[in-house]
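Asker:
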Amino acid sequence: MASEQVKHWENHSTAGEFILLGYQEYPILLFIAFLTTYLAILLGNGLIVVVTAWDSALHTPMYFFLRNLSGLEMCYTSVTLPKMMANLVSGDRAISLPACATQMFFILFLGGTECFLLAAMAYDRYLAICLPLRYMTIMSPRLCLGMVLVSFAISLPMQLLQIGLIFSLPFCGSNEIDHFFCDIPPVLRLACADLYANELAVYTENIFFVVLPFVLIVASYVHIARAILRMPSGTGRQKTFSTCSSHLTVVSLFYGSGMLVYLCPQTSDFAKVAKLLSLLYTIIIPLCNPLIYTLRNREVKVAFSRLLGKKRSLEVGTGIS
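Residues in the sequence shown are numbered consecutively from 411, following the numbering used here.
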């Protein structure tokens, strides 16, 4: 009886480490692709942070939120891509239990914060278009900072609770995570326990961090659409819509991929699709954000030109060639 109990606990002991399978083909090519992408993400989003902080013409609520979004994207990508590149170079795909929990926490924490930050940006556009006379009075610097801090503050305790629930589970059998990083669905598939409480916590959190902000964004844009349709000038309608199109593009990509990954039933067939979709919201969207917000934004392009012009004038003045 005693030997059977010992065997039972050995078979259901918590694994000391996981193996991140990712993609094992063409490691050198993948490393070069990931490294190039990572540097582009840091450069593009870093430039947005610098330009919107440097140019006084961009010291508005909209660009304050954009600056925070770009900083968030750099942190978000830094949680996953360096580890993925290290695995490709070394061939060692192991990740310890504490490191896996830490990585998952920051993915959830930064992702949850971004959900509410995108909702804050939608609210900002609603006030600017629907209540233009009261816009600057309502969207004070204090309120903008408060909305960003609340986005972080809401996400922190809930993600700590989620991580505690997941990593208190026993893991048994295979320790291979068929994913690029430690995410909730593939890690839960390795647990050998009743997952009802965990699945309930995951769906509750998804409703709070994904569905609720998305509903707020949709409600904001319903009011914005009504205000745009009431405008008498076609040129005015087009100009007003262009100020929202970048944000709408990011919201569609981010929430579309996030909802599919976290709200759809986690079947074995869908796991392969979710694995690919995870690259969309962790790598592709942070890479595209600078392009989305600059290519169609004249104010940012002008600020870039002023920054480069000032840099060139300083080089000429100091004799740098």
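Ideal Cβ positions, reconstructed from N, Cα and C, are used throughout, including at glycine.
If you draw a straight line from the alpha carbon of LEU491 to that of PHE444, how long is it in whole angstroms?
Answerer: Cα to Cα, the separation comes out at about 7 Å.
Asker: With LEU452 and MET484 assumed to form a contact (beta carbons below 8 Å), what rounded beta-carbon distance in angstroms separates them?
Answerer: The pair is a contact, with the Cβ atoms about 6 Å apart (cut-off 8 Å).
Asker: Let's see if you can read the secondary structure: which residues bound the alpha helix (DSSP H) around SER565?
Answerer: It spans 551–576 - the alpha helix (DSSP H) in which SER565 sits, taken as one unbroken run.
Asker: What are the start and end residues of the beta strand (DSSP E) that includes SER506?
Answerer: It spans 504–506 - the beta strand (DSSP E) in which SER506 sits, taken as one unbroken run.
Asker: If we ignore side chains and look at the alpha-carbon of each, how far apart do ILE587 and VAL660 end up?
Answerer: Spanning the two alpha carbons is a distance of roughly 29 Å.
Asker: Under the DSSP definition of a beta bridge, which residues are partnered with ILE429?
Answerer: DSSP output for ILE429 lists ALA504 and GLU586 as bridge partner(s).
Asker: Applying the 10 Å Cβ sphere with the 16-neighbour rule, what's the burial state of ASP534?
Answerer: Buried: at least 16 other Cβ atoms inside 10 Å.
Asker: With respect to 6 Å, is the separation between the Cβ of LEU571 and the closest non-hydrogen atom of the ligand NAP below this value?
Answerer: No copy of the ligand NAP occurs in the structure displayed, which carries no ligand at all.
Asker: Is ALA603 helix, strand or coil by DSSP?
Answerer: Note: ALA603 maps to coil in three-state DSSP.
Asker: Going by DSSP, name the residue or residues bridged to PHE581.
Answerer: Bridge partners of PHE581: ALA601.
Asker: When you compare only the Cα positions, how much space is there between GLY481 and ALA463?
Answerer: Using only the alpha carbons, I get a separation of about 12 Å.
Asker: In chain order, what residues of the same chain lie with their CB nearer than 7 Å to the CB of GLY719, ignoring the 5 residues before and after it?
Answerer: Excluding residues within five positions, none has a Cβ falling inside 7 Å.
Asker: Evaluate contact between the stretch 565–572 and the stretch 500–520, counting only Cβ atoms and requiring at least three cross-stretch pairs below 8 Å.
Answerer: With a cut-off of 8 Å, the stretch 500–520 and the stretch 565–572 count as touching, because enough Cβ pairs lie within range.
Asker: Helix, strand or coil: which one does DSSP assign to GLN513?
Answerer: Three-state result, GLN513: helix.
Asker: Would you report the Cα separation of GLN648 and LYS682, rounded to the nearest angstrom?
Answerer: Their backbone Cα atoms lie some 40 Å apart in a straight line.
Asker: Just curious, the alpha helix (DSSP H) that ASN455 is in, first and last residue?
Answerer: Note, ASN455: alpha helix (DSSP H), 437–464.
Asker: To the nearest angstrom, how far is the alpha carbon of TYR691 from that of SER667?
Answerer: Answer to the nearest angstrom: the Cα atoms are 7 Å apart.
Asker: SER656 and TYR613 - do their beta-carbons sit closer together than 7 Å?
Answerer: No, they are not a contact pair.
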